[in-house]
Amino acid sequence: MQWLTRRNEWQFFAVLPRADVALASLWWLILVLRGMLPALFAIAMGRLVSAVQRADDLVLPLTVVGFAFVLGQVLNPIHHAISANLGDRTAAWLYDRLTEACVKPLGIAHLEDPRLTSDLIVARDFDLGMTGPPLSMSLDFIAAGLASFLGGLISALVLAGFTWWAPLLLAGTWLATHWFLRESSVWRDRNTEEVRAAQRDSDYMYQLAVTPPAAKELRLFGLANWTIDRFISRRTRLHELQYAATRLRERPLTWSMLLVIGANVVVFWSLASAAADGLLDLGALATYAQSAVGASMIAFGGLNWALDGAAAPVAAVLRLEPDMRTAGALSNGSRRAPGMPAHQIRFRDVRFAYPGSQLNVLD
Numbered sequence: 011m012q013w014l015t016r017r018n019e020w021q022f023f024a025v026l027p028r029a030d031v032a033l034a035s036l037w038w039l040i041l042v043l044r045g046m047l048p049a050l051f052a053i054a055m056g057r058l059v060s061a062v063q064r065a066d067d068l069v070l071p072l073t074v075v076g077f078a079f080v081l082g083q084v085l086n087p088i089h090h091a092i093s094a095n096l097g098d099r100t101a102a103w104l105y106d107r108l109t110e111a112c113v114k115p116l117g118i119a120h121l122e123d124p125r126l127t128s129d130l131i132v133a134r135d136f137d138l139g140m141t142g143p144p145l146s147m148s149l150d151f152i153a154a155g156l157a158s159f160l161g162g163l164i165s166a167l168v169l170a171g172f173t174w175w176a177p178l179l180l181a182g183t184w185l186a187t188h189w190f191l192r193e194s195s196v197w198r199d200r201n202t203e204e205v206r207a208a209q210r211d212s213d214y215m216y217q218l219a220v221t222p223p224a225a226k227e228l229r230l231f232g233l234a235n236w237t238i239d240r241f242i243s244r245r246t247r248l249h250e251l252q253y254a255a256t257r258l259r260e261r262p263l264t265w266s267m268l269l270v271i272g273a274n275v276v277v278f279w280s281l282a283s284a285a286a287d288g289l290l291d292l293g294a295l296a297t298y299a300q301s302a303v304g305a306s307m308i309a310f311g312g313l314n315w316a317l318d319g320a321a322a323p324v325a326a327v328l329r330l331e332p333d334m335r336t337a338g339a340l341s342n343g344s345r346r347a348p349g350m351p352a353h354q355i356r357f358r359d360v361r362f363a364y365p366g367s368q369l370n371v372l373d
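Residue numbers (this note's numbering): 11 to 373.
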């Protein structure tokens, strides 16, 4: 279980109830309801078609179809608003953790360590939005992606009423696309020194340009264009690194297309053959065909990129706190302070150098 709990995604979802347990619970509840709606709508539509074919009473089938349709239209904006609020609450909670990580240690070495400074910029990406949308926006993408993923799985399960192998084939094929395209959906090199340096430098230039005291001096000494050019170059380099790491590869994309086309041809051919042989009525065919189409939601949506972009900064925040605590720790002296100094304070053989540097600033 340790490999699971250490993953960035697990830590991200574990943080949500710590930020606001009520909003997080409501967020998950609506997500599950949204995931169930496509399968419910497909089943209700099949029952409605069967009722029309048999000339039965249409009140109950139409009511269920209308209820599923209206619920789908209502839940989306509600979930969007909850995602935005939960994202803001989570961002505030993470900022509290970052503030405590910076001010709790007794020393200041953790604030002068370049490695920890770079980590701090990376950790703040949940709000800065350098490599993806801020948390208040990305949580809505994650909710939509998870709802689509869950809806695709449930739709695939509906096909078990037709034949046992159809859910396994379709769900397995659409899940395989995540594995084939894994390098294009997750930025695995975001913690390299080059990426962190680009984030740190671009944030530094941005703060120089928008902070009033620094911005006034930049304009006074004619450094505005130099600052803007450097900011553009570092941000451009950051996007180039992200694009190079997550671009679509030709071979995995080809394999994904072949698998998806083959699996869907097999399932829909079987449905058509069963309907032609009289083994399926029109209502069942409508349900299973719509469920087969709905199974494609397993692969579509912005889940991978949005979740990766939101989870990495959250994991960086949780990882930064113990590192800063260790770097900024000060040991207490063993001698008592009252009555000292008796005559004077004298410094001898004092040297000072920044961490990671061999050059003495004071000697």
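Beta carbons: idealized from backbone N, C-alpha and C, even for Gly. Keep in mind it's a predicted model, so treat the numbers as computed, not measured.
| Item | Value |
| --- | --- |
| Beta-carbon gap between leucine 369 and phenylalanine 362 smaller than 8 Å | no |
| Inside the stretch 23-78 only - alpha helix (DSSP H) runs reaching at least 4 residues | 31-64 |
| Simplified DSSP assignment, three categories, for phenylalanine 231 | coil |
| Run of the alpha helix (DSSP H) containing leucine 383, from where it starts to where it stops | Limits of the chain in this structure are 11 at one end and 373 at the other, which puts residue 383 out of reach. |
| Where leucine 5 sits in the DSSP three-state scheme | Residue 5 is absent from the structure shown; the chain starts at 11 and stops at 373. |
| Contact under 8 Å by Cβ, threonine 237 with leucine 228 | yes |
| Environment of glutamine 300 [buried if 16+ CB atoms lie within 10 Å] | buried |
| Residues near leucine 179 in its chain [Cβ-Cβ closer than 8 Å; skip 5 each side] | Ala273, Val276, Val277 |
| DSSP state of phenylalanine 357 mapped onto helix, strand, coil | coil |
| Environment of asparagine 342 [buried if 16+ CB atoms lie within 10 Å] | exposed |
| According to DSSP, residues forming a beta bridge with phenylalanine 362 | Leu372 |
| Close Cβ partners of alanine 170 (< 8 Å) along its chain, the five nearest in sequence each way excluded | Ala176, Pro177 |
| DSSP state of leucine 191 mapped onto helix, strand, coil | coil |
| Cβ contact check for the stretch 93-107 and the stretch 288-305: 3 or more pairs under 8 Å | no |
| Terminal residues of the alpha helix (DSSP H) in which glycine 161 lies | 145-168 |
| DSSP three-state assignment for leucine 330, whether helix, strand or coil | helix |
| Contact between the stretch 278-290 and the stretch 146-159 (3+ Cβ pairs under 8 Å) | no |
| DSSP-derived helix/strand/coil call for phenylalanine 323 | A small fix is needed here, since residue 323 is proline in this sequence, not phenylalanine. Helix at proline 323. |
| Within 8 Å, strictly: CB atoms of serine 146 and alanine 320 | no |
| Distance between beta carbons of alanine 52 and valine 168, contact taken as under 8 Å | 6 Å |
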